[in-house]
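Chemist: Below are the structure tokens for one structure; questions will follow.
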Amino acid sequence: MRLTSSMKTPAFIHSLLVSTLLAPALPAAGVPDLTRVMEAAAPGLKLRGTVMAVETREGQTTFPTWHYKNEPDATDFWPASTIKLFTAIASMERLHALGLPLETTLTFERREGPGPWVLDCARSMPEMLSEVWRRSSNEDYTLLLRFNGLDYLNSQFLIPERGFTHSALMRGYWSARPYLYKPAERQRITLRAQDGRMEFVDHQWGGHSWSAGRGATVIDSRTGNMASTRDLADCLRRLVFHDLIPESERFRISPEMVSFLLHGGNGFTGLETKDPDSGPLAWEGGKEIFPQARYYHKVGLISNEVLELAVVDDRAQSGKAWILCLRAGTGKEKVMVDLCRAVLTELKKDS
């Protein structure tokens, strides 16, 4: 990637040092010009992107990383449904911390002021996770957000020490009962495992806007969701390549939970691309370039944003794998397919 004069300033050097501490470093040579490739594939659009390579040599795995315009921490876009990955993993961590297995059912109740508890619904954890991947369920994403609560999620999970340097979640994506999450209401979630064990989660938002505190600007600075492409890509890295990274970087979940998030099972859907109905834009763009690769993805799409967060795992054939988080300021899926195709073509050429 070409260096520019701005990279010689003290501000850039400071930014690079921070980035080095929190994420895989930019390789010095042999890196495709991500900015050039993306702008050629989607001219005139506002773009963001992060790409990681997965390289294993002599038993050590590294993740050389580069970013569109060398701006890894930009949050000037709406992350749409890609952030559902955050709530899914955080929910598994919380379940694991409570000592409960994947096969646990959650019953959601709410209370406003001194009034009685109101029963809303009950859902199993496998059902909620599967529906988030299978059809990008806004109802189940909102329930997972509701299970964690805004304060826990933003103060214990989405923090720099856990790899999230520019992320915050404040908003559910469903506006009707029984799934609606009103943070000002007190929440009580009863968790029941199949073996009879029970736990309770009881919380109410303290009123702090985590998004505003972290510099959110899109849609609403106080109640908006935010993430950088680096945070999203690194989150997927730590999940898909759980067994290849140091224990200190791993999510605090069981091997069974990792496997379920990636592959599903027993009729449930995981992140691995197996069904075209899940909107696999990286697979659409890359299936002719890496036809035998395994793909994992979470798409995000609204009227003026399209994102693809994906792993292209071609290690069984070429020994290579990549993580992509690409964003374009348009609601057209074809643009993202073209972006993924262009980036993957460049990656294959450089590999």
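Here the sequence shown is numbered in the numbering used here, starting from 56 and rising by one per residue.
We treat Cβ as the ideally placed atom computed from N, Cα and C, and that holds for glycine.
#1: Taking only three categories from DSSP, how would you classify residue 390?
#2: At the level of alpha carbons, what is the spacing between residue 131 and residue 314?
#3: Contact between the stretch 244-255 and the stretch 339-356 is defined here as three or more beta-carbon pairs at a separation below 8 Å; is this criterion met?
#4: Tell me which residue opens and which closes the alpha helix (DSSP H) that residue 196 is part of.
#5: Quick one: measure Cβ to Cβ for residue 397 and residue 95, integer angstroms, because I've assumed they're closer than 8 Å.
#6: Does the stretch 307-324 touch the stretch 379-395, meaning 3 or more C-beta pairs lie closer than 8 Å?
#7: Would you kindly work out how many angstroms separate the C-alpha atoms of residue 123 and residue 290, rounded to a whole number?
#8: Output the distance between the C-alpha atoms of residue 72 and residue 125, rounded to the nearest integer angstrom.
#9: Going by the DSSP bridge assignment, what does residue 117 pair with across the sheet?
#10: For the 8 Å Cβ check, are there 3 or more pairs between the stretch 314-328 and the stretch 181-199?
#11: Which first and last residues belong to the beta strand (DSSP E) in which residue 375 is found?
#12: Could you spell out the range, first to last residue, of the beta strand (DSSP E) harbouring residue 353?
#13: Once you ignore the five residues that flank residue 103 on each side, which residues in its own chain have a CB closer than 7 Å to its CB?
#14: Helix or strand or just coil, what does DSSP make of residue 330?
#15: Pick from 236, 243, 286: whose alpha carbon is nearest that of residue 278?
#16: Where does residue 295 sit, in a helix, a strand or coil, going by DSSP?
#17: Is residue 174 buried or exposed, if buried means 16 or more other CB atoms sit within 10 Å of its CB?
#18: Enumerate in chain order the residues of its own chain whose CB-to-CB distance from residue 391 is below 7 Å, with the five nearest sequence positions on each side excluded.
#19: Just to confirm, is the Cβ distance from residue 209 to residue 145 under 7 Å?
#20: In the DSSP assignment, find the beta strand (DSSP E) that holds residue 149 and state where it starts and stops.
#21: Using only CA atoms, which one of 366, 298, 339, 347 lies nearest to residue 327?
#22: Residue 288 to residue 296, Cα distance in whole Å?
#23: Taking all protein chains shown into account, do 16 or more other C-beta atoms lie within 10 angstroms of the C-beta of residue 302, making it buried, or fewer, making it exposed?
#24: Residue 234 and residue 184: beta carbons closer than 7 Å?
#25: Which of the three DSSP states, helix, strand or coil, is assigned to residue 225?
#26: Below 8 Å, can you find three or more Cβ-Cβ pairs linking the stretch 153-165 to the stretch 252-267?
#27: For residue 264 and residue 225, I'd like the C-alpha separation in whole angstroms.
#28: Let me confirm a value: residue 286 is counted as buried when at least 16 other C-beta atoms fall within 10 Å, else exposed. Which label applies?
#29: Exposed or buried, which one is residue 115 when buried takes at least 16 other CB atoms within 10 Å?
#30: Check for me: the beta strand (DSSP E) holding residue 432 runs from which residue to which?
#31: For residue 261, count the other beta carbons within 10 Å of its own beta carbon; 16 or more makes it buried, fewer makes it exposed. Which is it?
#32: Does the beta-carbon distance from residue 162 to residue 245 come in below 7 Å?
#33: Between the alpha carbons of residue 304 and residue 217, how many angstroms are there, rounded?
#34: Taking 7 Å as the threshold (C-beta atoms), are residue 92 and residue 379 in contact?
#35: Since residue 135 is in the beta strand (DSSP E), which residue starts that stretch and which ends it?
Modeler: Taking the geometry as given:
#1: DSSP, read as helix, strand or coil, puts residue 390 in helix.
#2: For residue 131 and residue 314, the gap between their C-alpha atoms comes out near 33 Å.
#3: Remark: fewer than three beta-carbon pairs, one from each stretch, lie closer than 8 Å, so the stretch 244-255 and the stretch 339-356 are not flagged as touching.
#4: Element bounds for residue 196: 193-203.
#5: With a Cβ gap of about 7 Å, residue 397 and residue 95 count as contacting.
#6: Taking one beta carbon from each stretch, the stretch 379-395 and the stretch 307-324 have fewer than 3 pairs nearer than 8 Å; the two do not touch.
#7: Those two C-alpha atoms are separated by around 18 Å.
#8: Since pLDDT at residue 72 reaches only 36, below the 50 mark, its modelled position is unreliable, and the value read off the structure follows with that caveat. Between residue 72 and residue 125, the alpha-carbon positions lie close to 13 Å from each other.
#9: When beta bridges are read from the DSSP output, residue 117 appears opposite 110.
#10: Contact between the stretch 314-328 and the stretch 181-199 is present, because at least three Cβ pairs lie under 8 Å.
#11: It spans 375-383 - the beta strand (DSSP E) in which residue 375 sits, taken as one unbroken run.
#12: Taken as a continuous stretch (DSSP letters only), the beta strand (DSSP E) holding residue 353 covers 349-357.
#13: Take residue 103, set aside five residues on each side of it, and the residues of its chain with a beta-carbon closer than 7 Å to its own are 123, 129, 132, 284, 382, in chain order.
#14: Three-state result, residue 330: coil.
#15: That would be 236, whose Cα lies nearest to the Cα of residue 278.
#16: Reduced to three states, the DSSP call for residue 295 is helix.
#17: The residue is exposed, with fewer than 16 neighbouring Cβ atoms inside 10 Å.
#18: Spatial neighbours of residue 391 in its own chain (CB-CB distance under 7 Å, excluding positions within 5 residues in sequence) are listed in chain order as 336, 361, 363, 381, 383.
#19: Going by beta carbons, residue 209 and residue 145 fall outside the 7 Å limit.
#20: In the DSSP annotation of this structure, residue 149 is not part of any beta strand (DSSP E); the continuous alpha helix (DSSP H) holding it starts and ends at 139-152.
#21: Nearest of 366, 298, 339, 347 to residue 327, Cα basis: 366.
#22: Cα to Cα, the separation comes out at about 12 Å.
#23: Exposed, since its Cβ has fewer than 16 Cβ neighbours within 10 Å.
#24: Using a Cβ distance threshold of 7 Å, residue 234 and residue 184 do not count as a contacting pair.
#25: Coil.
#26: The answer is yes - the stretch 252-267 touches the stretch 153-165, with three or more Cβ pairs under 8 Å.
#27: When rounded, the distance between both Cα atoms is 7 Å.
#28: Residue 286 counts as buried, since at least 16 other C-beta atoms from the protein chains shown sit within 10 angstroms of its C-beta.
#29: The residue in question, residue 115, is exposed, as its Cβ has fewer than 16 Cβ neighbours within 10 Å.
#30: Residue 432 cannot be examined here, being either before or after the span of the chain that is shown, 56 to 406.
#31: With fewer than 16 other Cβ atoms within 10 Å, it is exposed.
#32: Taking 7 Å as the Cβ cut-off, residue 162 and residue 245 qualify as a contacting pair.
#33: For the pair residue 304 and residue 217, the Cα-to-Cα distance works out to about 8 Å.
#34: Annotated as distal: residue 379 and residue 92, with beta-carbon spacing of 7 Å or more.
#35: Taken as a continuous stretch (DSSP letters only), residue 135 belongs to no beta strand (DSSP E), as it is neither H nor E.
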